[in-house]
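Q: As you go down the protein sequences, you meet chains A and B in turn.
Just so you know, this note's numbering puts 54 at position 44 of the first sequence, and the rest follows in order with no gaps.
Just so you know, this note's numbering puts 764 at position 30 of the second sequence, and the rest follows in order with no gaps.
We put the CB at the ideal spot given by N, CA and C, even for glycine.
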Amino acid sequence: MDLERELRQALTRKSPPRGFDEKVLGRIASGEKVALPKPPARWTGYALPVAASLAIVAGGSFYFWQHERQRQMDAEQTARNVVLALQITSAKVSAVQMKVQEISRYERQAQY
Amino acid sequence: MLTAATSPDVPVPSEDDVLAQARAGVPEAFAALVREHQAMVFGLAYHFLQSWSQAEELAQDVFLVLHQNLARIESARHLVLWLRRVTSNRCIDWVRSPRNRREVSMEVVHEPAAAARLQDPMLDALLRRLVAELPPHPRIVVTLRFQEDLDLAEIATIVDMPLNTVKSHLRRSLEVLRRKLADRGHVHGS
């Protein structure tokens, strides 16, 4: 059996019941309106994947931006800590130096 | 045009002329368009729905929509494409509407009591029933392919689907139909 030939034979055009055209004209004459069927909206098929891609890109960008910002803040904080540590060290060294100078001065005075 | 059909001396107007008259509001011209295309529209609806009354209602709706949109139809060729497209969309909308839902999964087809070899009219009826049990999109692809003898690119344009989707619907549908027929004892060639 050739299926495609059988299908052509089975699915031939078919005449509607007698008076079909008169019924159509009657419905038109009565002022009846029928809405045009909406073609399938193509964008709905793409909407979900596009929305998901945008969400992934936006989420990824936000995460990257947030990560970079945190890294930058950490670096700035570290720099501030280093500066503070240097200031403290410098103050301590100055204090020690003054003490040493004072002791040296006393020793010189004692010798005279 | 309408008088021309009854008089051999007057040339028969082309379908574009009839269309122009229908657009101009001549009811007889519109009736002639209905008569010219009713077998195509009704056939598509009937093979899709397998219901005489539903197919008639749907086909009438299609011609009402045509009457409301005649101004958009550019030519007789465009008219045929437009009718096929609107009928196809309406068929799919029809089965998707909860009011009219009559969908059967591609894998769920009723088994007949007898698997004996059938006579051709019975085979035709069985084929129509099996086609009507396909899901909506494969069903309209098969109906357009074998009722209207359209190539796959034309079907893709009418149903607004990618060509590969149409090919896939047709291939899978034919596989399912072959399997279902083989289950009923019908041996097939190609």
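Extract the residue ranges of the beta strand (DSSP E) inside the region 877-909 of chain B, only unbroken runs of 3 or more that lie entirely within it.
A: If we require 3 residues or more, the region 877-909 of chain B turns out to have no beta strand (DSSP E) run fully inside it.
Q: Are the beta-carbon atoms of V893(B) and D31(A) separated by less than 7 Å?
A: Not in contact: V893(B) and D31(A) (Cβ atoms no closer than 7 Å).
Q: Could you have a look at S748(B) and say whether DSSP puts it in helix, strand or coil?
A: S748(B): coil per DSSP, three-state reduction.
Q: If you draw a straight line from the alpha carbon of Q111(A) to that of F72(A), how long is it in whole angstroms?
A: Distance between the alpha carbons of Q111(A) and F72(A): 58 Å.
Q: Just to confirm, is the Cβ distance from S907(B) to L868(B) under 7 Å?
A: Yes. Within cutoff.
Q: Compare the C-alpha of I826(B) against each of A758(B), S902(B), Q788(B) and name the closest.
A: Ranking A758(B), S902(B), Q788(B) by Cα distance to I826(B) puts Q788(B) first.
Q: In terms of alpha-carbon separation, which member of L783(B), D854(B), D858(B), H801(B) lies closest to R824(B)?
A: Comparing Cα positions, the closest option is L783(B).
Q: When the Cα atoms are used, what is the spatial distance from V898(B) to Q76(A)?
A: Inspection of the sequence shows that residue 898(B) is occupied by Asn rather than by Val. Near 44 Å, if we compare the C-alpha coordinates of Q76(A) and N898(B).
Q: Just confirm the distance between the C-beta atoms of L886(B) and L911(B), as a whole number of angstroms; I'd bet it's less than 8 Å.
A: Actually they are not in contact, since the Cβ atoms of L886(B) and L911(B) sit about 17 Å apart, beyond 8 Å.
Q: Let me check understanding here. Comparing Cα to Cα, which of Q121(A), A20(A), E117(A) lies closest to Y780(B)?
A: That would be A20(A), whose Cα lies nearest to the Cα of Y780(B).
Q: Can you find at least 3 beta carbon pairs, one from the region 863-879 of chain B and one from the region 796-813 of chain B, that sit closer than 8 Å?
A: In short, these stretches do not touch, since the Cβ pair count stays below three.
Q: Is it right to say F74(A) is buried, meaning 16 or more other beta carbons lie within 10 angstroms of its own, or is it exposed?
A: With fewer than 16 Cβ atoms within 10 Å of its Cβ, F74(A) is classed as exposed.
Q: Interface residues of chain B around R23(A) at Cβ under 7 Å?
A: What R23(A) touches in chain B: A773, M774, G777, Q881.
Q: If we count the other Cβ atoms within 10 Å of its Cβ and call it buried at 16 or more, is R872(B) buried or exposed?
A: Note on residue identity: the sequence assigns Pro, not Arg, to residue 872(B). Buried, by the Cβ-count rule.
Q: Report the three-state DSSP secondary structure of A57(A) (helix, strand or coil).
A: Helix, per DSSP.
Q: If you measure between the beta carbons of V746(B) and A763(B), is that distance less than 7 Å?
A: Going by C-beta atoms, V746(B) is not nearer than 7 Å to A763(B).
Q: Using only the alpha-carbon positions, how far apart do R818(B) and F797(B) sit?
A: One C-alpha to the other measures close to 11 Å.
Q: Which ranges does the alpha helix (DSSP H) cover as unbroken runs of at least 4 residues, wholly within the region 808-833 of chain B, from first to last along the chain?
A: You should have 810-830.
Q: Indicate the three-state DSSP secondary structure (helix, strand or coil) for V44(A) in the structure shown.
A: Coil at V44(A), not helix or strand.
Q: In chain A, which residues lie with their C-beta within 7 Å of the C-beta of R873(B)?
A: Chain A residues near R873(B): none, gap ~11 Å exceeds 7 Å.
Q: List, in order along the chain, the chain B residues whose C-beta lies closer than 7 Å to that of P26(A)?
A: By Cβ distance, chain B contributes Q772, F776, E790, A793.
Q: Terminal residues of the continuous alpha helix (DSSP H) containing H801(B)?
A: Where H801(B) is concerned, the enclosing alpha helix (DSSP H) stretches over 786-802.
Q: Grab me the residues of V775(B)'s own chain with a C-beta within less than 8 Å of its C-beta, minus the 5 sequence neighbours each way, in chain order.
A: Result list for V775(B): A793, V796, F797, L817, T821, in chain order.
Q: Please list, in chain order, the chain B residues whose beta carbon lies closer than 8 Å to that of D84(A).
A: Ordered by position in chain B, no residue passes the 8 Å Cβ test against D84(A), which lies about 51 Å from the chain.
Q: Using 7 Å as the limit for Cβ to Cβ distance, is L58(A) near chain B?
A: No, its Cβ sits nowhere closer than 7 Å to a Cβ of chain B.
Q: Does the separation of the CB atoms of S25(A) and A765(B) fall below 7 Å?
A: Not a contact, by the Cβ cut-off of 7 Å.
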